[in-house]
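Working notes, structure below.
In structure tokens form, the structure reads like this:
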């Protein structure tokens, strides 16, 4: 049970002490810890549930009326609108389908750039091809993560399999580092005259322009599907591809300068592309570090506002979140009136859980520790 010394995030409703009611079993100074896994309790609606727990609100000091006991009511599942995120597990299937389509396009774009880069000797085109290859690697990591996330927890993995995506992302980070080294090596050779100047042909411009158009189409497609499916994986991938567009535009400008008689622009553009690749690697590494170090995922203040919106809750503290942006584990302490029945407190904790998981569908698992307030 939490102590009064741990009061971070303390919120008391109206500052009133709990009122005692005679003849009623209460929490006293004990506490119950309730573990809520999404979809585990059929009595309370999560984001995908159809059954809700309702309380009769009376005129008592804390909104609880002894004449109106808890009742379970069945509510028809609402018909989702066309703009609503697709339900699981179909959502995982659709996200994977989008990633596979984008993967094919990214591989084709990367292959075209790398082939023309080697053929023409344009290090900027070759480097941009490597950059496009990182987009394909990101697609593979996303597919691994989506496939793993679609697998239910088992005896050996009670928290699920979501961190397989983190492992795949770590492999992508190593791949990006090797690419940066290769691009820098080639750019250095061109700047020091160890490599022949590139032959800039019209076909090189055509390839770059076509790949830019393809990438713009990919950004629009992934962005639209990310909004429809509520997928952060697709949205992040679309953002990365948008960076590839800017990289390609830089290469096109460098090719134009090289053809106009300034060949040094080609290796300089390769250095710019190396910067794009390095920044992408930094973003991936930062995300991985946040997940592995249990960095906070959802603001404590936002969660407090949701919890304190539930009638009967006196306060909450020790709020902790961890995990990935779309796969969050939450635990917190909730203060309830000391004279509340244990069963009522248990039911109220389910209502708190339902509010939280409805407001934040990315919460996969929630542990709620219920206790009386300090001095209550």
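Numbering (my numbering), first residue to last: 280 to 655. Glycine included, each C-beta is placed from N, C-alpha and C at the ideal position.
Across the set 582, 536, 572 and 452, the C-alpha of 536 shows the shortest separation from the C-alpha of residue 478.
Separation of the CB atoms of residue 551 and residue 586 is rounded to 48 Å, and the pair is thereby denied contact status at 8 Å.
Non-local beta-carbon contacts of residue 390 in its own chain, meaning distances under 7 Å to residues more than five positions away in sequence, are absent. With contacts defined as CB atoms closer than 8 Å, residue 560 and residue 495 fail to qualify as a contacting pair. DSSP places residue 597 in the uninterrupted beta strand (DSSP E) bounded by 594-603. Taking 8 Å as the cut-off, the Cβ atoms of residue 396 and residue 405 count as close. Cβ contact annotation for residue 600 (same chain, cutoff 6 Å, sequence separation greater than five): 575, 576, 577, 607 and 609, in chain order.
Shown here, residue 387 sits in a helix according to DSSP, grouped into three states.
Around the Cβ of residue 523, a 10 Å sphere holds 16 or more other Cβ atoms; the residue is buried. If you look at residue 589, you'll find it isn't in any beta strand (DSSP E); DSSP assigns it neither H nor E. Between residue 649 and residue 621, the alpha-carbon positions lie close to 10 Å from each other. Comparing C-alpha distances from residue 443 to each of 652, 424, 538 and 409 shows the shortest one belongs to 424. Relative to the Cα of residue 414, the nearest Cα in the group 401, 569, 518 and 427 belongs to 518. When rounded, the separation of the alpha-carbon atoms in residue 529 and residue 453 is 25 Å. Residue 576 sits in coil when the DSSP states are folded into three classes, being neither helix nor strand. Rounded to the nearest whole angstrom, the C-alpha separation of residue 412 and residue 515 is 16 Å. Three or more beta-carbon pairs separated by less than 8 Å link the region 538-551 to the region 463-473, which places the two stretches in contact. Here residue 447 has 420 and 423 as same chain residues with Cβ atoms under 6 Å from its own Cβ, once five neighbours each way along the sequence are excluded. The criterion of a C-beta distance shorter than 8 Å is not satisfied by residue 458 and residue 546. Fewer than three pairs of CB atoms, one per stretch, sit closer than 8 Å, so the region 579-596 makes no contact with the region 500-514. For residue 650, the three-state secondary structure derived from DSSP is strand.
Judged by beta-carbon spacing, residue 407 lies within the 8 Å limit of residue 527, meaning their Cβ atoms are closer than that value. Check the Cα spacing between residue 596 and each of 615, 604 and 544: the tightest is with 615. Taking 8 Å as the upper bound for CB-CB distance, residue 582 and residue 513 are not in contact here, some 26 Å apart. Pairing residue 556 with residue 498 gives a Cβ-Cβ distance that is not under 8 Å. Of the other Cβ atoms in all chains shown, fewer than 16 fall within 10 Å of the Cβ of residue 488; this residue is therefore exposed. Beta-bridge partners of residue 614 (DSSP): 594 and 650. Nearest to residue 532 by C-alpha distance, out of 484, 631, 376 and 605, is 484. Remark: C-beta atoms of residue 592 and residue 631 approach each other more closely than 8 Å. Relative to residue 416, the option among 521, 386 and 640 whose CA is nearest is 386. In this structure, DSSP gives residue 478 a state outside helix and strand, which the three-state scheme calls coil. Every alpha helix (DSSP H) of 4 residues or more that sits fully in the region 427-480 is shown, in chain order, as 442-470.
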